[in-house]
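What follows is a single structure, written as structure tokens, with notes after it.
2 protein chains.
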Amino acid sequence: MDLPGQVNCETCTIRSCAVEVLDQQELDILKTNCAGAVFDRNERIFQQGSLSSNIAYVKTGLVKIHKNGPSKDQILKLVKPPRFIGIPTVLGDKVNHYSATALMPTTVCFIVTSTFKTLIMRNGKFANEVINSICQDELTFYDRSINQMQKQIHGRLADALLFLADEIFFSDTFDLPLSHSDLGDYIHATRESVTRALSRFKADGLIQVKGHRISLIGKDMLLKISKLG
Amino acid sequence: MDLPGQVNCETCTIRSCAVEVLDQQELDILKTNCAGAVFDRNERIFQQGSLSSNIAYVKTGLVKIHKNGPSKDQILKLVKPPRFIGIPTVLGDKVNHYSATALMPTTVCFIVTSTFKTLIMRNGKFANEVINSICQDELTFYDRSINQMQKQIHGRLADALLFLADEIFFSDTFDLPLSHSDLGDYIHATRESVTRALSRFKADGLIQVKGHRISLIGKDMLLKISKLG
DNA sequence: AAAAAACTATGATCTATATCACATTTATAG
DNA sequence: CTATAAATGTGATATAGATCATAGTTTTTT
């Protein structure tokens, strides 16, 4: 983890909707209580169970949010920037209830929790934007949950591939940022099942695989598989 | 659905943490933009897909939050009062992304969305409490999701029974507020599997069943089953 | 460059739970 | 009070995907 440290929120080009509504004085408060950091692939941004006094703002890269379950670690969601993560730590116990790990080189700003809270208290528009953001996450997660529960593995894998192409990489060809094992934790399947399902997609001409590079060539079919579950 | 209509937030004894921090003027705003309603068992409080200009505050009773999935309706969570539901409709489209249905006689206050938003903008403490509440929901839902995914049916059923006893009814004996079919939608199982699992619990002396009345008599064992999945 | 570790591939088998089918009981409505 | 619908109980069967086993491949470390 590299620490460029000092950041300048006034000139930052990747500001969140929430920060966008802050006035000059509030930007100053933010700026002096905010530190930038860069994480490499597979570096932990914060760890479930550890105390935290920061909210993280993911500026670039890709992050997995994951949590220990009764039998194994599970990836709750992939977070694409720009996005706040770890807001629930503003709550009483200040303990991270889940972990966040970079899946590719990722830049993050850490905002002191008390500063974040101050901004919420001070600026209603800021609070409102934060609420919007959390609510959006909530709805997305509900959808994902239901899909995970009701679709079978091919549908879930198609969902994941389409998500990566359309929401993360904005291209039908991309380097898979997750190992099969991680992909399994994400779509709730075993490593073996992921491998088999990918092989199946490959055999059926829906995707092309060269090393980690994947191309969605039968996107219409993938969409159909995603729909039918 | 009965409509007592006019409510008095100042004298209300079941106020949320959020409303607790409002000043006199804000309470007046709230009071004049708030209507009470009573719902019977199985009455819909709001419907997925329909436009809404209200946030609902559940004062008493029990509510299921459910949503259509690719293959069937799924119960995302059971909400015990006091709790706001439907906050995500403050978002752009103002469409309910899920349904809410009363599982027993339930009293609800509807707050005009724009008023809710006004209060967020005006009073930082209010916004902060709202954020706390949403975040708490988020964490609870993460836990539930992971449990649903990783435990098998006996563990999931044990979870549900323990939740009803400990969090909803505060008693080890209670009337099951859900049909086996609903319980299936909640713990992600078929009606038949729920019946079988309940029979098993009964046969093993973990629960006692008389009509809809259920008694958890082997709670330590249920806890063990919940833990082991 | 060699050794170790992590990841991927694929077959054989097993199992939890869905699905289907039908009977019985309990609620609701006329 | 009877008819009709909804909910529950239980067996037989099917199956998606887990688990186990073993081998090959790629990546990382020394």
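Protein sequence lines, in the order shown, are assigned to chains Z and F. At position 169 of the first sequence the residue is numbered 169 (my numbering), and the sequence of numbers has no breaks. Each number in my numbering comes from the position in the second sequence (counting from 1) with 1000 added on. Yeah, the Cβ is synthetic: ideal placement off N, Cα and C, and Gly gets one too. Remember, predicted model here, so these are calculated numbers, not experimental data.
Which residues, taken in chain order from the stretch 3-27 of chain Z, show a beta carbon closer than 7 Å to some beta carbon of chain F? none
With a Cβ-Cβ cutoff of 7 Å, do I1014/F and K1067/F count as a contact? no
Can you tell me the Cβ-Cβ gap for Q150/Z and G1069/F, rounded? I've got them flagged as a contact below 8 Å. 4 Å
Which partner residues does Y186/Z have in the DSSP bridge list? Looking at the DSSP assignment, Y186/Z forms no beta bridge with any residue, so it has no partner.
Checking 7 Å against the spacing of the C-beta atoms, do S1199/F and Q1208/F come in under that value? no
Does DSSP put F1163/F in a helix, a strand or coil? helix
Cutoff 7 Å: H1212/F Cβ touching any chain Z Cβ: no
So that I know if they touch, is there some Cβ in chain Z lying closer than 7 Å to that of Y1142/F? yes
Residue closest to C34/Z, alpha-carbon to alpha-carbon, out of S53/Z, E43/Z and G49/Z: S53/Z
Would I131/Z and I55/Z qualify as a contact pair, given that the criterion is a beta-carbon distance under 7 Å? no
Which residue from G1086/F, K1064/F, I1085/F and T1115/F puts its Cα closest to that of G1184/F? K1064/F
Please confirm if M1221/F has its CB atom under 7 Å from at least one CB of chain Z. no
Contacting residues, own chain, Cβ-Cβ under 8 Å from I1086/F (five flanking each side not counted): According to the sequence shown, residue 1086/F is Gly rather than Ile. Within the same chain, G1086/F has close Cβ partners F1046, S1052, N1054, I1055, A1056, N1096 and A1100.
May I ask you to check if the CB of S133/Z is nearer than 6 Å to at least one heavy atom of the ligand PLP? The ligand content of the structure shown is nil, which means the ligand PLP is not present either.
Which residue comes first and which comes last in the alpha helix (DSSP H) that contains G1124/F? G1124 to Q1150
Please tell me whether T115/Z has its Cβ less than 7 Å away from any Cβ of chain F. no
In its own chain, which residues sit with a C-beta less than 6 Å from the C-beta of D2/Z, not counting the 5 before and 5 after it? Note that D2/Z scores 49 on pLDDT, short of 50, meaning its location in the model is unreliable; the coordinates nonetheless yield the value given after this. Cβ within range, chain order: V38.
Looking at C-alpha atoms only, which residue of P1177/F, L1162/F and D1143/F is the closest neighbour of P945/F? This structure does not reach residue 945/F, given that chain F is present from 1001 up to 1229, and the question cannot be answered.
Please identify, using Cβ separations under 9 Å, the residues of the stretch 149-174 of chain Z that lie next to chain F, in order along the chain. M149, Q150, K151 and G155
Please compile the residues from chain F whose C-beta is within a distance smaller than 8 Å of the C-beta of Q136/Z. P1088 and L1091
Apart from the five residues just before and just after D23/Z, which ones in its own chain have a Cβ nearer than 8 Å to its Cβ? N123
Could you have a look at K72/Z and say whether DSSP puts it in helix, strand or coil? coil
Grab me the residues of K31/Z's own chain with a C-beta within less than 8 Å of its C-beta, minus the 5 sequence neighbours each way, in chain order. V7, N8, C9 and E10
Residue span of the alpha helix (DSSP H) that contains S1193/F, given as start and end: R1191 to A1203
Between E129/Z, F116/Z, D159/Z and D28/Z, which lies nearest to G229/Z when the distance is taken from Cα to Cα? D159/Z
Starting from K1224/F, trace the alpha helix (DSSP H) in both directions and tell me its first and last residue. K1219 to L1228
My assumption, with CB atoms under 8 Å, is that D182/Z sits in contact with H212/Z. Please give the rounded CB distance. Rounded, the Cβ-Cβ distance is 12 Å, inconsistent with contact.
Residue nearest to L1157/F in terms of C-alpha spacing, selected from S1071/F, T1190/F and V1079/F: T1190/F
Sort C135/Z, S179/Z, C12/Z and K210/Z by Cα distance to T195/Z and report the nearest one. S179/Z
Give the DSSP-derived three-state secondary structure of L1022/F in the structure shown. coil
What's the C-alpha gap between L1223/F and F1163/F? 11 Å
Could you list which residues in chain Z have their beta carbon closer than 9 Å to that of K1072/F, in chain order? Q150
Label A203/Z either buried or exposed according to how many other C-beta atoms from any shown protein chain fall within 10 Å of its C-beta, with 16 as the threshold for buried. exposed
Just how far apart, CA to CA, sit Y142/Z and Y98/Z? 18 Å
Note down, in chain order, each residue of its chain lying with its Cβ closer than 7 Å to the Cβ of T1115/F, except the 5 sequence neighbours on either side. I1029, L1030 and N1033
Indicate whether at least one CB of chain F lies closer than 7 Å to the CB of G229/Z. yes
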